[in-house]
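This report refers to the structure that appears directly beneath it.
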Amino acid sequence: MMPLTMVEAGRESRIRRIGGKDETRRFLESLGFVMGGFVTVVSEMNGNLIVKVKDSRVAISKEMANKIMI
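Letter by letter, the sequence shown follows residues 17 to 86 of the numbering used here.
Here's what the structure looks like:
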């Protein structure tokens with residue numbers, strides 16, 4: 017397992033675990049980040065990511081992305 021921040025752009029990955037506080041996990045789940053789901057990094061800028069999850073593009077901070085393990 018590794019954090020989402022370590023994945024190169026364009027590669028689809030399966031979400032294995034979501035860390036952080038309950039509030040953080042609920043927020044990420046509301047955006048579509050669920051265990052077993054797929055996520056693709058679209059681009060990265062200064063550590064922050066734009067990712068495709070459930071047919072939507074979402075911008076997340078480096079801190080949030082580090083809590084998503086693939």
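Every residue, glycine too, gets a C-beta built ideally from N, C-alpha and C.
Boundaries for Met17: no beta strand (DSSP E) harbours it, and the DSSP string shows neither H nor E there. The C-alpha of Ala81 is placed about 13 Å away from the C-alpha of Gly48. In this structure the stretch 32–47 does not lie against the stretch 55–64, because fewer than three pairs of beta carbons, one per stretch, are closer than 8 Å. Here the alpha carbons of Phe54 and Thr40 stand approximately 19 Å from one another.
One alpha carbon belongs to Lys68, the other to Thr56, and they sit about 5 Å apart.
Shown here, Lys70 sits in coil according to DSSP, grouped into three states, outside any helix or strand.
Under a 10 Å Cβ-count criterion, Lys70 is classified as exposed, with fewer than 16 other Cβ atoms of the shown protein chains found around its own Cβ.
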